[in-house]
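Protein chains in written order, with our numbering: chain A, 83 to 247; chain B, -5 to 260; chain C, 125 to 912. This report refers to the structure that appears directly beneath it.
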């Protein structure tokens, strides 16, 4: 067993874990944060994307033990008391989801994308940056629209949103 | 995953000590290749030494003639580094195409070359740029480092500390992605350092990364795309699978080589 | 809060929980005391199981049980069923081999279920599963669709000689032969409709539970049709009486057909829950999904089209070998027969059609319905033939289609279907406008200047949706009727719950169904809840597949609402002291005709429950009505999809530049959701055409068993789509809607392949047209030829 301490969605989280425990298993099974999903075994679908120390990572391909001392944000931690994150709102407004299974990973990837590449995202950039996220329902059309709109909305909200993480 | 004992050293020295001489000990770098294989129970480790808390293995240092990158430096850090962009822009560009953004946030240079996946990008950059791999025990030239499929010159107890890349006059990388896995089906890194021209090919070879000597010769006459006209790589020793047979891979090597030279000379 | 009308793009009610990570998918649920199941699966495509040694696995820490086919037999757990009887030409019934939940003596595909390990933790179960020793006598495998009927091919099931399940036919053979005899031109085509793996992003999950005090079983599962699952598990597999089995399908992460079927895993979880006295949970990993979820398509077809000298179609004949896999899955037999051949007429007036289909066993995963199910295969046949015929005749493909369109309705085809309404010229005309067809030549020249080859491809598709009139499908062999149920419960406060037998796993029923209720009852959409996916709540239902939930499921809701309104009028008449015949219902208000006296919907609801204003003997209190709606015909969505793409001859990469879809879905409830369905369908169809293909090697090993080898469509593979609609309302249901869920997947593959062959210059190319295949084809057709 290994002692793991990290901060998840702003709250301390610690446990004694089998060292095999993946971050996604820690989140889902121990913290009951089931918004982070598992869609494949080979780190390709992106349904499990969360933020670790401000970067999007695939939580199925990180040991929970590796995250000791880290700040982890999941889809459940994205909205704040004031309401939904602009990217969440953009996904709803643009019908960027159907079955919803890939959606948490898509939204976490999209927010990370805006942090890295800024608010003005063209379609080609968005599509290329979704390399690691699969969706089987939407044909990506509305996801791309949602991310472009969400990025604009994040710009409008300004730096306050950046502090949230 | 099979059970393992977990270790989290904070210095390279501790890590090397934990590594010992036991072949059953594995190093965990970014984990983007190792963990999927462990999850599928294709790899078993008695002990896992997690390098993610070893800060001294991270970082990028630039001198006038070389660029040195710590083994635990993430692909995203290389891709976004102004130092890399200035010294070897092709290396930054290459790093920005590895895997996907989330993989690049975790994956590391040291992990990539120590794993030596035959379809990984970094081995071709190391080979073409004439990099020197610095371990806790010695320095190894890239030409001597990559030994075949998932095989390197690393000995038990040896870990990659950093990699030193001589700054080239010109360099370029072009990749044809594997349709499904998105690794390199064919990736070609070309570099020109005074008279030394190197063309390194990843993804295509059944035995891992290799240098395409005919192309190097052709480019020595003149380092322009046209020098490669009509040149086709040999199908000998190339991979063949449902996505690409050897003939197609050989063709793509030539196409990607031209595109890499195009970038290098643009 | 106003009323939400039909036809508005209202945002989805269900999204709040999905975008905040609060969805409740089956794997998000853990039951108290739950144990974990891991299946021991066959590594061989075909083998005798000589023995299973589970002693050491049973002795491992945390292991509760290791169960095998012997235990299944001892407990008389019935085999899995195929619910559609197909008869061969000679009248004999299809030859279905046994399909036990755990193998009994033989395994027939890689992934076949040999044993299950149940343990305290998933890790313990996985460790123990590796310790189960199975003694296999490996047999040669029949893995190839085209070769499995050979006399010397390995036999998958004893009951089916030459691995042939049925030799079925449809249409008039003599009339078709006569048509070919007088043809001026015959176009011939050999094609393979490639095998696909559905891959909804959520893998399958099952949690079985048993409560000994009440003898009630509960199954939480990823199902598109929980009631059908309950019926099959109770009536056929015999695991529990129907009234003692509750099946719950909570949020489900996509299905595309693969979650219609009743599989071994959920069967075993329910059964094992009683055996071990603990809830038993199984979560598929992606590799298991590749190996064991029912696959789609997999046809080998020869087709011929007869035309007269003016390019008018005289007849069509088709011979197809359809791979059904190692066992007959739940609806497997119907997909390459009644869901396929009746659509071969496409949008065209074809006087004579004859189709033969051999359904065959192979040592591969079962094949069943996958988005479109039979209709994509039919559309591919006719739309490829039209394209090739046009080239051979030197006619523009568009022109040949126009010449042969069905132009008057209703239209009876020679293969069962009676098309009710449509306007195929209208969708074609609009599509040509949107793609800027007149600018095509210029765009081709511009591409050529860049060293690229540009092509355009058309696909005029039709599908039969709204499955289906119960008597009609019964006469064709279906084991059940395909009606739908609804119950509308009006609460005393005027809010409404609608219980539906449809199931939403991405389609947005919680929104569109509520929109319908809001519109019809004149109440805010926020006051409507849609309840589905729980057999304890919804009495019965047939579930969601075949683009049926709009046309059939919503029609049932309309029928139930009509009854609610009729009852409410009676209540209102008492309260308003008017005669029932004078009560009008409009915009959510019951009023006395010609007066200003009236009551809001909510006020009438309250009065129905207070029941003070009428005699309980004359009129029952309360306001709740149910309905079963059985459709009178299939619906026939149709449209035109156009793909324009560029090929890089150096690499063989094809880049889709433009996509225009003009669909006729009849009336549309929520255009935002309908367009989303079209987008997703196109992506799957493009996936079939360019990327996806399940490949078995000659030993029956699945070569493409993960996303590392199976090429899924990604965001950068696709353009933004131009989606438009024409409308001819469907006459056979009260809402005039046709169904939209599968259109894109049906239309897209021939559009892509036709565009490729246009770019390449008359070169047939198989699906998936990979970069390697396109590169080869480019080498075989020089650019100048292609440009002509």
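We treat Cβ as the ideally placed atom computed from N, Cα and C, and that holds for glycine.
- The C-beta distance from residue 851(C) to residue 757(C) rounds to 18 angstroms, too long to fall under 8 angstroms, and the pair is not in contact.
- For the set 45(B), 52(B), 167(B), 80(B), the Cα lying nearest the Cα of residue 92(B) is the one of 167(B).
- When rounded, the separation of the alpha-carbon atoms in residue 232(B) and residue 197(B) is 9 angstroms.
- Scanning its chain for C-beta atoms nearer than 6 angstroms, with the 5 sequence neighbours on each side dropped, one finds around residue 164(C) the residues 238, 239, 253, 256, in chain order.
- Not flagged as an interface residue toward chain C: residue 90(B), since no C-beta distance is shorter than 9 angstroms.
- Around the beta-carbon of residue 117(A), 16 or more other beta-carbon atoms lie within 10 Å, marking it buried.
- Cα atoms of residue 48(B) and residue 576(C): separation of roughly 50 angstroms, rounded to the nearest angstrom.
- Residues of the same chain with a CB within less than 6 angstroms of the CB of residue 717(C), apart from the 5 flanking positions on each side, are 706, 708 in chain order.
- Per the C-alpha coordinates, the member of 760(C), 804(C), 664(C) positioned closest to residue 495(C) is 804(C).
- CA-to-CA, the gap between residue 304(C) and residue 430(C) works out to about 5 angstroms.
- Counting along the chain, residue 250(B) sits inside the alpha helix (DSSP H) bounded by residues 240 to 259.
- Of all residues in the region 163 to 179 of chain B, those with a C-beta nearer than 8 angstroms to a C-beta of chain C are 170, 173, 174, 175, reading in chain order.
- Membership of residue 642(C) in the alpha helix (DSSP H) is indicated by the continuous run 633 to 645.
- Secondary structure remark: continuous alpha helix (DSSP H) runs of at least 4 residues inside the region 192 to 219 of chain C, in chain order: 193 to 198.
- Under the Cβ criterion of 9 angstroms, residue 819(C) is counted among the residues facing chain B.
- Rounded to the nearest whole angstrom, the CA to CA distance from residue 99(B) to residue 12(B) is 26 angstroms.
- Closest by C-alpha distance to residue 215(B), out of 189(B), 249(B), 69(B), is 189(B).
- Taking C-alpha positions only, residue 207(B) is separated from residue 193(B) by approximately 7 angstroms.
- Counting only residues of its own chain and dropping the five nearest sequence neighbours on each side, residue 703(C) has a CB closer than 7 angstroms to the CB of 697.
- Taking a Cβ-Cβ threshold of 9 angstroms, none of the residues of chain B is close to residue 529(C); the smallest such distance is about 37 angstroms.
- Listed as beta-bridge partners of residue 624(C) by DSSP are 610(C).
- A distance of 9 angstroms or more separates the beta carbons of residue 580(C) and residue 897(C).
- Measuring C-alpha to C-alpha distances from residue 364(C) to each of 375(C), 382(C), 335(C) identifies 335(C) as the nearest.
- Judged by their CB atoms, residue 464(C) and residue 502(C) are nearer to each other than the 9 angstroms cut-off.
- Looking at the DSSP output, residue 94(A) bridges to 89(A).
- Looking from the CA of residue 268(C), the closest CA among 591(C), 823(C), 475(C) belongs to 823(C).
- About 4 angstroms separates the CB atoms of residue 170(A) and residue 143(C); that is less than 8 angstroms, so the two are in contact.
- Residue 55(B) counts as exposed, since fewer than 16 other C-beta atoms from the protein chains shown sit within 10 angstroms of its C-beta.
- The three-state reading of DSSP puts residue 130(C) in coil, since its state is none of H, G, I, E or B.
- Here DSSP, grouped into helix, strand and coil, assigns residue 589(C) to strand.
- Taking 9 angstroms as the threshold, the shortest C-beta distance from residue 198(A) to chain B falls below it.
- In the pairwise beta carbon analysis, the region 507 to 516 of chain C is classified as touching the region 423 to 437 of chain C: at least three pairs are separated by under 8 angstroms.
- Look at residue 129(A) here: in three-state DSSP terms it is coil, with no helix or strand label.
- Contiguous alpha helix (DSSP H) elements confined to the region 153 to 188 of chain C occur at 179 to 182, taking only those with 4 or more residues.
- With three or more CB-CB distances shorter than 8 angstroms, the region 544 to 562 of chain C counts as touching the region 783 to 790 of chain C.
- Between residue 321(C) and residue 414(C), the C-beta gap is smaller than 9 angstroms, which places the two residues in contact.
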